[in-house]
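**Student:**
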Amino acid sequence: MQCPDPREELVEHLPAMRAFALSLSRNSATADDLVQDSIVKAWTNIDKFEPGTNLRAWLFTILRNTYYSMCRKRSREVEDPTGAVAGNLSEKPHHDGRLAIRDFRAAFAQLTDEQREALVLVGVEGFSYQDAAKMCGCAAGTIKSRVNRARKRLAELMQLDEDDTLELTDIATVAVLTGTKAV
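Residue numbers for the sequence shown follow our numbering, so the first one is 857 and each next one is one higher.
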């Protein structure tokens, strides 16, 4: 039985790649550029992909590396290094008890790049700790630690106590905060 051409499967991974790129860059235009550059790199280097392995993980690794290469190139540009602006965006909602997605996004933006990356890979995209560790080039224990610290930091930033009941409408947000898989 012959394996299908991985080029034919690239399109089905675009939405997940864009979501991951958006979580890394926090800018939709940059996310689109990252996905486009990553697809071009994947297409150009498709001969380096090992058939039978995880194409999605390979694409995410390319995207991640593309993002960090872009960051190194733009190292002179600094956006809100102290987090002062992001800190002003976060506040506990004054509505019917539901957590607004903008509050989550403001808190999520205050996490370190490594924490955001680990949380998206494990909490939203559903990768195992081992797969996420391979993509990030670190140990699975490091990913577990980053995810745990990120969840605790999010709860702290959003002023959630252990007793608080989460009534969220966004499945991905629930998955990120509680450690359940987004469906």
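Idealized CB from N, CA, C, for every residue including glycine.
1) Closest by CA to LEU890, which one among LEU915, GLN986 and ALA989?
2) Between PHE876 and the rest of its own chain, which residues show a CB-CB distance below 7 Å, the 5 nearest in sequence each way excluded?
3) Can you tell me whether MET817 is helix, strand or coil according to DSSP?
4) For SER881, which of LYS990, GLU973 and GLY993 has the nearest alpha-carbon?
5) Can you tell me where the alpha helix (DSSP H) holding GLN892 begins and where it ends?
6) What did DSSP end up calling PHE960 once you bin it into helix, strand or coil?
7) By a C-beta neighbour count over all protein chains shown, 10 Å radius and 16 as the cutoff for buried, is CYS992 buried or exposed?
8) With 16 as the cutoff for other CB atoms within 10 Å, does SER984 come out buried or exposed?
9) Alpha carbon to alpha carbon, how far is MET873 from GLN1015?
10) With a threshold of 16 other CB atoms inside 10 Å of the CB of ASP861, please say whether the residue is buried or exposed.
11) Starting from LYS904, follow the alpha helix (DSSP H) in both directions and report where the run begins and ends.
12) Over what stretch of residues does the alpha helix (DSSP H) that includes LEU915 continue unbroken?
**Tutor:** The structure says:
1) LEU915
2) PHE916, LEU919, VAL976 and GLU981
3) As shown, the chain starts at 857 and ends at 1039. That puts residue 817 outside it, with no answer to give.
4) GLU973
5) 884-900
6) helix
7) buried
8) It counts as exposed.
9) 30 Å
10) Exposed, since its Cβ has fewer than 16 Cβ neighbours within 10 Å.
11) It is not in any alpha helix (DSSP H) - LYS904 carries neither H nor E in the DSSP assignment.
12) 911-929
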